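*Asks:* Protein chains in written order, with the UniProt record's numbering: chain A, 1 to 233; chain B, 1 to 233. Even for Gly, the Cβ is constructed at its ideal location relative to N, Cα and C. Treat the numbers as computed from the prediction; the structure is a model and nothing was measured.
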DNA sequence: CCTCATTCGAGAGCACTGCTCTTGACTCGG
DNA sequence: CCGAGTCAAGAGCAGTGCTCTCGAATGAGG
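Written out as structure tokens, the structure is:
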């Protein structure tokens, strides 16, 4: 998709990418609000105002980085899923969870950007939420397959859905997995929030003092969650 | 503790409190890094440099607000626990969870301050972690009581602890609840991360598009968690 | 090939930030 | 009552995001 335009257009595309790369680099070093347009420009040998030819504001740059981060995380999760034999449903489910954690640990500032506290007055533009849905969709895909096989065996003893929640789950199911009963989806959402809750706690230092090197705890929790949602062992 | 000092000391204490109050107010309106020392000073009718007589840096002010936030959250959780009859263990457990969510929703910027992405280069000082432990301690207290009564009935089917994790849990137990077996503590930690994961997702807008008015989902999840940890019904 | 609108980088400048240093007043304990 | 300690104020530094203007490069239409 690079060939078909003028030299100016190609230069523009390249510079846009370079700006994002440098911004991402600074993000990794100094964190989310250590990012400075002027510093990015300086590093690229241009003047700060030139950046505005490519990104109309700092927020727009941030948004681009956010979208990229969501996409990268989605790719990582998808890859982890596909790396395993299709029949190994529990393995795939757990692999996705571990992929999320691994990616987050390897790109902590980008993770903080998308799952940390939202930046200043900035509200996530529409475009980001499509990318944000990638990880849950991968999880749902595994879930659907297990459901189709009839091997889903959720733990007992776990709460009944209120009418409103059941309705919400049914609406959600219509969009992504019509055949899944609300009970299954509700548990999946619990798993989803748990997954990111653990990763955030680990990365944001909330786990210090309890289960600090948290590899084993994470593996344990992922196992518990697989049981909760009923992944066959 | 106010009486016993000179007028200057009292003035100092008052001004310190006023600065914190105004900072907290601005935090609530503009969010964590919309907070400006100059703006605080302006609002208080003083000049920016005067603030430095009371807080040596912006980070120190932030730290003070963080400590206060942890304390307020701890107080809210404790109060919720004590509001219920001592025998209603499951109710108390769930009330603590709901109190955390309610406090977070009512003080979203303060919540973001303590459970969102850590600020710039800032690392949480020792002082904060003691306050941060309040909520888990309240949960552990309920857990110990249930354990003492022998009414704890965890769900089956849930993973075995690896050696390392069991060791971590035993170490942790020694500090807070020597009689609790590592299995119980591990599940409690899962609940703890789940609780804050849900609250963060809700407040940070990650739930939009799935279970958005999340009251019912939250109640459901809290119920599931109570089962997981084995709270008697 | 030439023209002219569009696009671009550079620079100056605005309003803001956190923070430091100095100066001249105020307060209070010995 | 006076000197040490504390205070608010102001100027100033280095940095920020962002806007505007001005020459120069570019490239599409005539």
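Using the beta-carbon count (16 or more within 10 Å), is residue 130(B) buried or exposed?
*Replies:* Residue 130(B) should be labelled exposed.
*Asks:* Is residue 172(B) closer than 9 Å to residue 185(B) when the C-beta atoms are compared?
*Replies:* Taking 9 Å as the Cβ cut-off, residue 185(B) and residue 172(B) qualify as a contacting pair.
*Asks:* Let me know if residue 108(A) comes out buried or exposed under the rule of 16 or more other beta-carbons within 10 Å of its beta-carbon.
*Replies:* By the 10 Å Cβ count, residue 108(A) comes out buried.
*Asks:* Could you tell me if residue 111(B) is buried or exposed, where buried requires 16 or more neighbouring beta carbons within 10 angstroms of its beta carbon?
*Replies:* Flag for residue 111(B) reads buried.
*Asks:* Report, in whole angstroms, the separation of the C-beta atoms of residue 264(B) and residue 94(B), which I expect to be a contact under 8 Å.
*Replies:* Because chain B here runs from 1 to 233, residue 264(B) falls outside it and cannot be looked at.
*Asks:* Quick check on the DSSP output: what are the complete alpha helix (DSSP H) runs of length 4 or more inside the UniProt domain "HTH tetR-type" (13-73) of chain A, in order along the chain?
*Replies:* Those alpha helix (DSSP H) runs which fall completely within the UniProt domain "HTH tetR-type" (13-73) of chain A and span 4+ residues are 37-43 and 48-51.
*Asks:* With a threshold of 16 other CB atoms inside 10 Å of the CB of residue 85(A), please say whether the residue is buried or exposed.
*Replies:* With fewer than 16 other Cβ atoms within 10 Å, it is exposed.
*Asks:* Beta-carbon of residue 155(A) versus every beta-carbon of chain B: anything under 9 Å?
*Replies:* True, the Cβ-Cβ gap to chain B drops below 9 Å.
*Asks:* I believe residue 228(B) touches residue 187(B) by the beta-carbon criterion, under 8 Å. Please report the beta-carbon distance rounded to the nearest angstrom.
*Replies:* Yes, residue 228(B) and residue 187(B) are in contact; Cβ-Cβ is about 6 Å, under 8 Å.
*Asks:* What does residue 219(A) reach in chain B if we use C-beta pairs closer than 9 Å?
*Replies:* Chain B residues near residue 219(A): 159, 162 and 165.
*Asks:* Looking at C-alpha atoms only, which residue of 221(B), 178(B) and 215(B) is the closest neighbour of residue 192(B)?
*Replies:* Measuring from the Cα of residue 192(B), the nearest candidate turns out to be 221(B).
*Asks:* If we ignore side chains and look at the alpha-carbon of each, how far apart do residue 142(B) and residue 89(B) end up?
*Replies:* About 6 Å.
*Asks:* Using a Cβ-Cβ cut-off of less than 8 Å, give me the residues of the stretch 164-188 of chain A that come near chain B, in sequence order.
*Replies:* Of all residues in the stretch 164-188 of chain A, 164, 165, 168, 169, 172, 186 and 187 have a Cβ within less than 8 Å of some Cβ in chain B.
*Asks:* Which residue spans inside the stretch 76-157 of chain B form an unbroken alpha helix (DSSP H) run of at least 4?
*Replies:* The stretch 76-157 of chain B contains these whole alpha helix (DSSP H) runs: 89-106, 108-115, 126-132 and 134-149.
*Asks:* Helix, strand or coil, according to DSSP, for residue 178(B) in the structure here?
*Replies:* Residue state, collapsed to three classes: coil.
*Asks:* Using a Cβ-Cβ cut-off of 8 Å (strictly less than) and excluding sequence neighbours within five positions of residue 83(A), which residues of its own chain qualify?
*Replies:* Only 95 meet the Cβ criterion.
*Asks:* Just to confirm my understanding: we take residue 24(A), look at its own chain, exclude 5 residues before and 5 after, and list those with CB closer than 8 Å. What are they?
*Replies:* Closer than 8 Å at Cβ, skipping near neighbours: 65, 68 and 110.
*Asks:* Measuring CB to CB, does residue 100(B) end up less than 9 Å from residue 75(B)?
*Replies:* No; because the gap between Cβ atoms is not below 9 Å, this pair is not in contact.
*Asks:* Out of 92(A), 205(A) and 87(A), which one is the CA nearest neighbour of residue 77(A)?
*Replies:* Nearest of 92(A), 205(A) and 87(A) to residue 77(A), Cα basis: 92(A).
*Asks:* I want to see whether chain A comes within less than 9 Å of residue 198(B), judged by CB atoms only; does it?
*Replies:* Interface residue, yes.
*Asks:* Which value, in whole angstroms, describes the spacing of the CA atoms of residue 104(B) and residue 208(A)?
*Replies:* Cα to Cα, residue 104(B) sits roughly 22 Å from residue 208(A).
*Asks:* For residue 106(A), count the other beta carbons within 10 Å of its own beta carbon; 16 or more makes it buried, fewer makes it exposed. Which is it?
*Replies:* It counts as exposed.
*Asks:* Chain A beta carbons: is any one of them nearer than 9 Å to that of residue 152(B)?
*Replies:* Chain A, which has no Cβ nearer than 9 Å to the Cβ of residue 152(B), makes this no.
*Asks:* Residue 183(B) to residue 205(A), Cα distance in whole Å?
*Replies:* Whole-angstrom Cα-Cα distance: 23 Å.
*Asks:* So is residue 2(A) buried or exposed if we call it buried at 16+ other beta carbons inside 10 Å?
*Replies:* Summary for residue 2(A): the model assigns pLDDT 47, below 50, so the residue's position carries little reliability, and this model does not support an answer.
*Asks:* Quick check on the burial criterion: 16 or more other C-beta atoms within 10 angstroms. Buried or exposed for residue 230(A)?
*Replies:* Classification for residue 230(A): buried.
*Asks:* Would a check of beta-carbon distances place residue 100(B) closer than 9 Å to chain A?
*Replies:* For residue 100(B), the answer is no, since every Cβ of chain A falls outside 9 Å of its Cβ.
*Asks:* With 9 Å as the C-beta to C-beta threshold (strictly closer), list the residues of the stretch 135-151 of chain A near chain B in chain order.
*Replies:* Those would be 136, in chain order.
*Asks:* Check residue 171(A) in the structure and name its three-state DSSP category.
*Replies:* Looking at residue 171(A) - three-state DSSP - the assignment turns out to be helix.
*Asks:* Residue 212(B) CB to nearest chain A CB: under 9 Å?
*Replies:* With 9 Å as the cut-off, residue 212(B) counts as an interface residue toward chain A.
*Asks:* Unbroken alpha helix (DSSP H) runs of length 4 or more, entirely within the stretch 193-217 of chain A: which are they?
*Replies:* The qualifying runs do not exist here; there are none.
*Asks:* Can you give me the C-alpha to C-alpha distance between residue 219(B) and residue 211(B), rounded to a whole angstrom?
*Replies:* Going by the C-alpha atoms only, they are around 12 Å apart.
*Asks:* If you check the beta carbons only, do residue 44(A) and residue 15(A) fall under 9 Å apart?
*Replies:* Yes, Cβ-Cβ distance for residue 44(A) and residue 15(A) is below 9 Å.
*Asks:* Let me make sure I understand the geometry here. Which of 81(B), 149(B), 179(B) and 200(B) has the alpha-carbon closest to that of residue 139(B)?
*Replies:* Considering only alpha carbons, the answer is 81(B).
*Asks:* Taking the Cβ atom as the reference point for each residue, do residue 216(A) and residue 168(B) lie within a distance shorter than 9 Å?
*Replies:* Yes, Cβ-Cβ distance for residue 216(A) and residue 168(B) is below 9 Å.
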